[in-house]
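J.: If you want this note's numbering, it's the position in the sequence shown, counting the first as 1, plus 663. Ideal Cβ positions, reconstructed from N, Cα and C, are used throughout, including at glycine.
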Amino acid sequence: MNGSKEPVIRASEVGEYVFCPRAWWLRRVKGLKPESLDRLEEGQNFHIRHQQQVFALRLLWYIGLALLLTGLCLIAWAIVRL
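1) Secondary structure at P684, three-state DSSP: helix, strand or coil?
2) Where R744 and C683 are concerned, what is the direct C-alpha to C-alpha distance, given to the nearest angstrom?
3) I need the DSSP call for E698, collapsed to helix, strand or coil.
4) By the three-class DSSP mapping on this structure, what secondary structure does E679 have?
5) State yes or no: is the C-beta of E676 within less than 8 Å of the C-beta of W687?
This is the structure we're talking about:
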(Lines of atoms letter the chains of each structure in order from A; the text may use other names.)
(Lines give C-alpha, C1' and ligand atoms only; values in the text may rest on other atoms or scores of the structure.)
Protein backbone atom coordinates (compact mmCIF):
# COMPACT_ATOMS: atom_id res chain seq x y z
CA MET A 664 0.00 0.00 0.00
CA ASN A 665 1.23 3.47 -0.79
CA GLY A 666 -0.44 5.09 2.21
CA SER A 667 -3.05 6.95 0.17
CA LYS A 668 -6.51 7.55 1.58
CA GLU A 669 -8.27 6.22 -1.53
CA PRO A 670 -10.75 3.44 -0.78
CA VAL A 671 -9.72 -0.08 -1.70
CA ILE A 672 -11.97 -1.96 -4.09
CA ARG A 673 -11.93 -5.71 -3.44
CA ALA A 674 -12.13 -8.33 -6.18
CA SER A 675 -15.57 -9.39 -4.92
CA GLU A 676 -16.78 -5.82 -5.44
CA VAL A 677 -15.56 -5.91 -9.03
CA GLY A 678 -17.62 -9.07 -9.53
CA GLU A 679 -20.63 -7.40 -7.92
CA TYR A 680 -20.18 -4.37 -10.20
CA VAL A 681 -19.98 -6.56 -13.30
CA PHE A 682 -23.18 -8.34 -12.23
CA CYS A 683 -25.12 -5.16 -11.38
CA PRO A 684 -23.42 -1.75 -11.47
CA ARG A 685 -26.45 -0.01 -9.96
CA ALA A 686 -26.54 -2.30 -6.92
CA TRP A 687 -22.80 -1.79 -6.41
CA TRP A 688 -23.22 1.98 -6.64
CA LEU A 689 -26.15 2.02 -4.19
CA ARG A 690 -24.18 -0.04 -1.67
CA ARG A 691 -20.73 1.52 -2.13
CA VAL A 692 -21.55 5.19 -2.78
CA LYS A 693 -24.91 5.66 -1.08
CA GLY A 694 -24.26 3.19 1.75
CA LEU A 695 -27.58 1.38 1.27
CA LYS A 696 -27.95 -2.25 2.25
CA PRO A 697 -30.23 -4.78 0.53
CA GLU A 698 -33.70 -4.78 2.12
CA SER A 699 -33.86 -8.52 2.51
CA LEU A 700 -30.65 -10.46 2.92
CA ASP A 701 -32.68 -13.69 3.00
CA ARG A 702 -34.15 -12.88 -0.40
CA LEU A 703 -30.71 -11.96 -1.73
CA GLU A 704 -29.27 -15.26 -0.52
CA GLU A 705 -32.24 -17.11 -2.02
CA GLY A 706 -31.57 -15.44 -5.37
CA GLN A 707 -27.88 -16.31 -5.22
CA ASN A 708 -28.73 -19.94 -4.44
CA PHE A 709 -31.19 -20.00 -7.33
CA HIS A 710 -28.50 -18.77 -9.71
CA ILE A 711 -26.03 -21.38 -8.45
CA ARG A 712 -28.59 -24.19 -8.96
CA HIS A 713 -29.48 -22.85 -12.40
CA GLN A 714 -25.81 -22.72 -13.41
CA GLN A 715 -25.37 -26.34 -12.30
CA GLN A 716 -28.45 -27.40 -14.29
CA VAL A 717 -27.22 -25.62 -17.42
CA PHE A 718 -23.82 -27.31 -17.07
CA ALA A 719 -25.44 -30.74 -16.63
CA LEU A 720 -27.75 -30.26 -19.62
CA ARG A 721 -24.89 -29.07 -21.80
CA LEU A 722 -22.86 -32.13 -20.78
CA LEU A 723 -25.79 -34.43 -21.57
CA TRP A 724 -26.21 -32.73 -24.96
CA TYR A 725 -22.55 -33.37 -25.83
CA ILE A 726 -22.81 -36.99 -24.68
CA GLY A 727 -25.95 -37.45 -26.79
CA LEU A 728 -24.25 -35.90 -29.80
CA ALA A 729 -21.23 -38.17 -29.36
CA LEU A 730 -23.50 -41.23 -29.12
CA LEU A 731 -25.44 -40.17 -32.21
CA LEU A 732 -22.26 -39.66 -34.23
CA THR A 733 -20.89 -42.99 -33.02
CA GLY A 734 -24.11 -44.71 -34.09
CA LEU A 735 -24.00 -43.07 -37.52
CA CYS A 736 -20.37 -44.12 -37.96
CA LEU A 737 -21.24 -47.70 -37.02
CA ILE A 738 -24.13 -47.75 -39.50
CA ALA A 739 -21.90 -46.35 -42.25
CA TRP A 740 -19.20 -48.91 -41.40
CA ALA A 741 -21.76 -51.75 -41.52
CA ILE A 742 -23.05 -50.57 -44.91
CA VAL A 743 -19.53 -50.36 -46.35
CA ARG A 744 -18.74 -53.89 -45.17
CA LEU A 745 -21.73 -55.37 -47.03
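T.: So, from the data block:
1) Within the sequence shown, the letter at position 21 stands for residue 684. Of the three classes helix, strand and coil, the one that applies to P684 here is helix, per DSSP.
2) Your numbering for residue 744 matches position 81 in the sequence shown. Your numbering for residue 683 matches position 20 in the sequence shown. Going by the C-alpha atoms only, they are around 60 Å apart.
3) For the purposes of this step, residue 698 is taken as the residue at position 35 of the sequence shown. Coil, per DSSP.
4) Stepping through the sequence shown from its first residue, residue 679 is reached at position 16. In the structure shown, E679 adopts helical secondary structure according to DSSP, grouped into three states.
5) To locate residue 676, count along the sequence shown from 1; it is residue 13. To locate residue 687, count along the sequence shown from 1; it is residue 24. The answer is yes: Cβ separation under 8 Å.
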